[in-house]
Amino acid sequence: MTLPPSTSRILPRQSERDEAMQKPPLQPYILTYQLGSWLFLLAVAIAVALGMHRLEQNTRANMQAQSELVALQSVSAALVDQQAGVRGYVLTGEDRYLEVYQRGLAALPQHFGTLRTLAGSEAPAVRQARLDVLRDLERLHKQWLDTAATPGVAETRLGNSSPAVQIVRAGEGTGLMDEMRALLDEQRNTVGARQATLNQTTLATLQQVRWLTLGGLMLALLVSILVTTRATRTVAKGLRSVSDAARRITDGQLDERVPLGPVQEGALLGVAFNELTDQLRRQESQQERSSTRNRLILEAVGDGVISTDMHGRGTFANPAALSMTGYALPDIIGQDIHERLHHAREDGKAYPALECPACRAVEDGKAPALAAATFWRQDGSSFPVEYVVIPIRGEDGVVEGSIISFRDVTERRAAHRTLLLREALLQAVTANLPVVLFALDRSGEFTLVEGQQLTDLGFGSEKLVGQNLHARPNNLEMTDHFEAALRGEEPQFTVDVDGKTLDVWLTPLANKDNGVSYVIGAAVDVTERLRTELELREANRNLLESNTEFEQIAHVISHDLQAPLQAVISSTEQLKGQLDGQLDAQSKTYVGHIADGAHRMKRMIDDLLMYARVDRGERELQDVPLENVLQGVQHTLVDTLTASEAVLTHDPLPAVRGDLTELTALLQHLIENAVKYRAPDRTPTIHVGATLEGTGWHFTVSDNGLGIDTQDFARIFKVFQRLHHQDTVEGTGVGLAMCRKIVERAGGRMWVESVRGSGSSFHFTLPKGSTDLGPEDKVRALIEQAVKGLYKDK
Numbered sequence: 000m001t002l003p004p005s006t007s008r009i010l011p012r013q014s015e016r017d018e019a020m021q022k023p024p025l026q027p028y029i030l031t032y033q034l035g036s037w038l039f040l041l042a043v044a045i046a047v048a049l050g051m052h053r054l055e056q057n058t059r060a061n062m063q064a065q066s067e068l069v070a071l072q073s074v075s076a077a078l079v080d081q082q083a084g085v086r087g088y089v090l091t092g093e094d095r096y097l098e099v100y101q102r103g104l105a106a107l108p109q110h111f112g113t114l115r116t117l118a119g120s121e122a123p124a125v126r127q128a129r130l131d132v133l134r135d136l137e138r139l140h141k142q143w144l145d146t147a148a149t150p151g152v153a154e155t156r157l158g159n160s161s162p163a164v165q166i167v168r169a170g171e172g173t174g175l176m177d178e179m180r181a182l183l184d185e186q187r188n189t190v191g192a193r194q195a196t197l198n199q200t201t202l203a204t205l206q207q208v209r210w211l212t213l214g215g216l217m218l219a220l221l222v223s224i225l226v227t228t229r230a231t232r233t234v235a236k237g238l239r240s241v242s243d244a245a246r247r248i249t250d251g252q253l254d255e256r257v258p259l260g261p262v263q264e265g266a267l268l269g270v271a272f273n274e275l276t277d278q279l280r281r282q283e284s285q286q287e288r289s290s291t292r293n294r295l296i297l298e299a300v301g302d303g304v305i306s307t308d309m310h311g312r313g314t315f316a317n318p319a320a321l322s323m324t325g326y327a328l329p330d331i332i333g334q335d336i337h338e339r340l341h342h343a344r345e346d347g348k349a350y351p352a353l354e355c356p357a358c359r360a361v362e363d364g365k366a367p368a369l370a371a372a373t374f375w376r377q378d379g380s381s382f383p384v385e386y387v388v389i390p391i392r393g394e395d396g397v398v399e400g401s402i403i404s405f406r407d408v409t410e411r412r413a414a415h416r417t418l419l420l421r422e423a424l425l426q427a428v429t430a431n432l433p434v435v436l437f438a439l440d441r442s443g444e445f446t447l448v449e450g451q452q453l454t455d456l457g458f459g460s461e462k463l464v465g466q467n468l469h470a471r472p473n474n475l476e477m478t479d480h481f482e483a484a485l486r487g488e489e490p491q492f493t494v495d496v497d498g499k500t501l502d503v504w505l506t507p508l509a510n511k512d513n514g515v516s517y518v519i520g521a522a523v524d525v526t527e528r529l530r531t532e533l534e535l536r537e538a539n540r541n542l543l544e545s546n547t548e549f550e551q552i553a554h555v556i557s558h559d560l561q562a563p564l565q566a567v568i569s570s571t572e573q574l575k576g577q578l579d580g581q582l583d584a585q586s587k588t589y590v591g592h593i594a595d596g597a598h599r600m601k602r603m604i605d606d607l608l609m610y611a612r613v614d615r616g617e618r619e620l621q622d623v624p625l626e627n628v629l630q631g632v633q634h635t636l637v638d639t640l641t642a643s644e645a646v647l648t649h650d651p652l653p654a655v656r657g658d659l660t661e662l663t664a665l666l667q668h669l670i671e672n673a674v675k676y677r678a679p680d681r682t683p684t685i686h687v688g689a690t691l692e693g694t695g696w697h698f699t700v701s702d703n704g705l706g707i708d709t710q711d712f713a714r715i716f717k718v719f720q721r722l723h724h725q726d727t728v729e730g731t732g733v734g735l736a737m738c739r740k741i742v743e744r745a746g747g748r749m750w751v752e753s754v755r756g757s758g759s760s761f762h763f764t765l766p767k768g769s770t771d772l773g774p775e776d777k778v779r780a781l782i783e784q785a786v787k788g789l790y791k792d793k
């Protein structure tokens with residue numbers, strides 16, 4: 000069974016005491032003959048008891064001082080965990096650093112409570128001073144949390160890494176941490192000084208007890224020799240054991256225990272020495288654990304840490320420092336650190352120790368701020384670092400050495416150079432765009448103005464950036480549109496600038512609170528385009544007159560052609576009815592050919608007119624929900640789908656920008672074709688799919704029908720081009736040509752993918768509906784619209 004630590008420490012002592020009490024006392028007659036010696040021994044015992052009492056008090060005070068040191072060290076370790084955790088989490092975003100921070104944050108109140116408890120056992124004046132220091136620590140820690148830790152962690156969690164990293168780089172909270180460390184160092188120094196005094200007092204008391212014990216026992220031994228040789232040998236044996244034990248204690252040999260003497264008195268004295276040895280051993284063990292804990296902390300940190308003596312020679316290096324420099328520990332210990340790591344600058348020129356901030360810190364005792372430098376590895380290569388030097392002071396305040404903490408910033412420098420290059424490339428691209436791009440903050444101040452056309456307009460980017468829109472003269476219309484954009488609108492308008500006409504588009508950029516933080520704009524010089532449009536308007540008017548005449552001619556032709564066709568169809572039907580039963584088989588075949596040909600010609604004329612109207616018909620552009628369109632098509636084709644047992648499925652379909660009538664015809668023709676060209680050996684399945692791509696939608700109408708050969712992909716989209724004979728599958732060869740024209744007129748494109756015998760997939764793209772455009776889509780569309788406007792008539 001394992002006993003609790005407190006019990007396991009008490010039982011061995013109690014067992015020794017019980018054993019000592021069972022030892023026989025000296026014979027009563029010795030007391031009769033040696034009353035004087037025993038009185039002397041009593042005085043010695045009293046002196047020893049007083050000395051032991053004093054030792055016990057000193058030991059208890061020493062243990063309390065050690066407990067305070069442990070608690071102060073724990074507070075320091077918790078603060079280090081919190082600071083390192085916050086820094087690591089903000090700079091890397093990794094949750095394992097956040098766990099270090101939270102562990103330190105959770106442990107700190109417990110350590111503060113321990114210090115408060117220990118302070119309660121002190122004298123009133125000392126207790127008040129300790130509590131004041133503790134309150135200062137708690138106040139500084141709360142202030143550090145409010146100003147540095149909590150904002151940094153919160154910004155990183157929200158993904159706003161730049162403000163969080165700026166907090167860490169700017170060193171916000173470092174001063175508070177330094178104040179807390181200074182208070183802890185001052186408290187440790189005070190407790191350490193008190194502990195040193197207690198140790199000196201304990202040693203002096205031990206010496207006194209030792210000499211009093213030795214002197215008293217030696218005198219008692221001489222008197223005892225005169226009484227009885229046996230008693231003398233007995234007492235001398237016990238006293239020699241105690242004397243030897245006392246000598247071993249003073250020599251620092253704490254592992255051996257004093258054997259209990261044969262008499263009760265000597266055994267009890269041995270127990271007292273053993274108890275003292277136990278106390279000293281526990282103190283030594285606590286100091287060793289504290290030293291081990293500090294060493295493990297330094298070995299675990301990711302930054303390189305090297306300590307030096309007052310001459311700049313290495314005394315310690317953690318694994319991170321050895322890994323970064325390529326040195327082994329023997330190459331650092333006892334060697335000049337400046338000559339090892341910092342002997343030359345980045346360009347290879349010598350770096351004298353007199354100019355090195357790390358060397359000066361040991362000489363003048365002043366800790367420099369975070370500095371950048373170049374360190375050199377064992378293989379002769381160099382790497383950039385950021386480092387800080389902390390002087391180490393002894394109890395007398397004299398600098399005894401320094402601690403150098405450094406970090407390899409190679410990757411950070413490379414990332415910074417990459418960022419600068421990207422910024423330069425972006426600025427070059429925007430500066431050479433054939434449009435003017437600009438950004439305004441909520442106050443109306445230009446924060447960005449770029450574009451090739453700035454030069455054509457006689458402006459420079461540096462001339463406009465920083466100016467306020469409201470302060471520019473004759474700018475009332477632009478100001479009104481800017482206010483509309485701040486309300487969430489997207490105005491498009493035209494302005495005149497120095498004899499040039501500009502088309503301007505504004506779009507708001509929303510912040511995380513759904514408010515408008517910036518207004519992004521694009522402007523295109525449309526002076527030449529307007530001049531060209533003016534010239535084209537007259538041509539378009541003439542073309543419109545021609546189109547009107549063409550439509551009238553087409554209507555007349557349609558009417559004039561369809562009237563005879565209708566007469567042929569009607570006459571054929573009447574002839575067939577009147578001569579029913581009188582016609583032979585060949586005559587019936589002829590009559591059937593006449594009727595079929597007339598019907599085919601009528602369908603061909605209808606489809607051709609519909610194809611022609613796609614280009615010339617009036618369009619009503621709107622957001623068309625294709626889900627509703629497909630439902631209408633299903634209702635129209637319900638008989639066809641039912642008769643063929645076709646299975647029609649679809650993805651969730653969005654709203655697109657287009658003409659309702661044309662989009663209905665598009666889906667109806669594609670689904671009719673899928674049913675018409677189905678495979679005879681399987682149930683036809685048709686699926687309408689939709690996928691978002693950029694600022695538009697990609698649709699597919701897939702079937703498991705006959706399929707199309709690769710060489711016929713282009714042919715099927717031409718007018719009157721058919722792949723199957725009329726006797727096999729009815730049709731005019733106009734439907735797919737009309738579908739492609741509808742898609743291209745809406746700003747999309749159409750193509751087919753198919754494998755002969757395995758079905759076909761007709762693909763087409765259409766623009767998004769206006770309600771589906773997000774902020775990024777709107778900005779992209781704005782730029783595309785500006786560029787298209789620039790090249791519209793070129």
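To convert, note that position 586 of the sequence shown is 585 in numbering that gives the first Met the number 0; the numbers rise steadily by one, no gaps. All residues carry an ideal CB built from backbone N, CA and C; glycine is no exception. Note that this is a predicted model, so its numbers are computed, not measured.
Examine chain C for any beta-carbon lying closer than 8 Å to the beta-carbon of residue i, and answer yes or no.
| i | result |
| --- | --- |
| Arg239 | Reference to chain C is not applicable here, since this structure consists of a single protein chain. |
For residue i and residue j, which I take to be in contact (beta-carbon distance under 8 Å), what is that distance rounded to the nearest angstrom?
| i | j | result |
| --- | --- | --- |
| Phe481 | Leu501 | That belief does not hold up - the Cβ atoms of Phe481 and Leu501 are roughly 15 Å apart, past 8 Å. |
| Ser66 | Leu117 | 6 Å |
| Leu665 | Cys738 | 5 Å |
| Leu447 | Phe437 | 6 Å |
Determine the burial state of residue i: buried for a count of at least 16 other Cβ atoms within 10 Å of its Cβ, exposed for fewer.
| i | result |
| --- | --- |
| Ala203 | exposed |
| Gln725 | At Gln725, the pLDDT of 48 sits below 50, so the modelled position is not reliable and the matter cannot be decided from this model. |
| Glu449 | buried |
| Lys767 | buried |
| Val754 | exposed |
| Ala124 | exposed |
| Glu274 | buried |
| Glu661 | buried |
| Thr690 | exposed |
Can you check which of these residues, the options, is closest to residue i by C-alpha distance?
| i | options | result |
| --- | --- | --- |
| Leu71 | Arg412, Asp184, Ile707 | Asp184 |
| Lys387 | Val132, Asp277, Ser380, Ala370 | Before going further, note that residue 387 is Val rather than Lys in the sequence given. Considering only alpha carbons, the answer is Ala370. |
| Asp524 | Asn510, Leu508, Val494 | Val494 |
| Pro108 | Arg95, Thr764, Ser73 | Ser73 |
| Thr173 | Ala128, Leu419, Leu139, Leu669 | Leu139 |
| Ile812 | Leu54, Gln667, Asp512 | Not covered by the structure: residue 812. The range shown for the chain is 0 to 793. |
| Asp650 | Leu218, Gly688, Thr663, Pro683 | Gly688 |
| Arg383 | Leu328, Gly92, Glu489, Arg412 | Contrary to the premise, residue 383 reads as Pro rather than Arg in this sequence. It is Arg412. |
Suppose the cutoff is 6 Å on Cβ atoms and the five residues either side in sequence are ignored; what does the same chain contact list for residue i look like?
| i | result |
| --- | --- |
| Pro624 | Ala654 |
| Ala522 | Val435, Leu501, Val503 |
| Trp750 | His762 |
| Arg16 | Val270 |
| Ile715 | Leu735 |
| Thr682 | Glu644 |
| Met51 | Ala271 |
In chain order, what residues of the same chain lie with their CB nearer than 8 Å to the CB of residue i, ignoring the 5 residues before and after it?
| i | result |
| --- | --- |
| Gln194 | Asn61, Ala64, Gln65, Leu68 |
| Leu468 | Leu439, Gly443, Glu444, Phe445, Asn474, Met477, Thr478, Phe481 |
| Val152 | Val85, Tyr88, Val89, Leu97, Tyr100, Ala163 |
| Ser516 | Asp440, Arg441, Leu508, Ala509, Asn510 |
| Ile336 | Ile305, Thr307, Gly311, Arg312, Gly313, Ala357, Ile403 |
| Gln282 | Asn61, Met62, Gln65 |
| Ser14 | none |
By Cβ distance below 7 Å, which residues in the same chain neighbour residue i in space, the five residues on each side in sequence not counted?
| i | result |
| --- | --- |
| Ala343 | Ala349, Tyr350, Trp375 |
| Asp80 | Val99, Tyr100, Arg102, Gly103 |
| Ala372 | His341, Val384, Tyr386 |
Pairs of beta-carbons, one from the region 139–151 and one from the region 75–93, closer than 8 Å: are there three or more? The region 139–151 vs the region 75–93: in contact.
Would the region 676–685 count as touching the region 625–633 if we require 3 or more Cβ pairs under 8 Å? no
Within the chosen definition, does the region 206–213 reach the region 112–129 through at least 3 CB pairs nearer than 8 Å? no
Quick check: the region 378–392 against the region 272–290, are at least 3 beta-carbon pairs closer than 8 Å? Judged by Cβ distances under 8 Å, the region 272–290 makes no contact with the region 378–392, as fewer than three pairs qualify.
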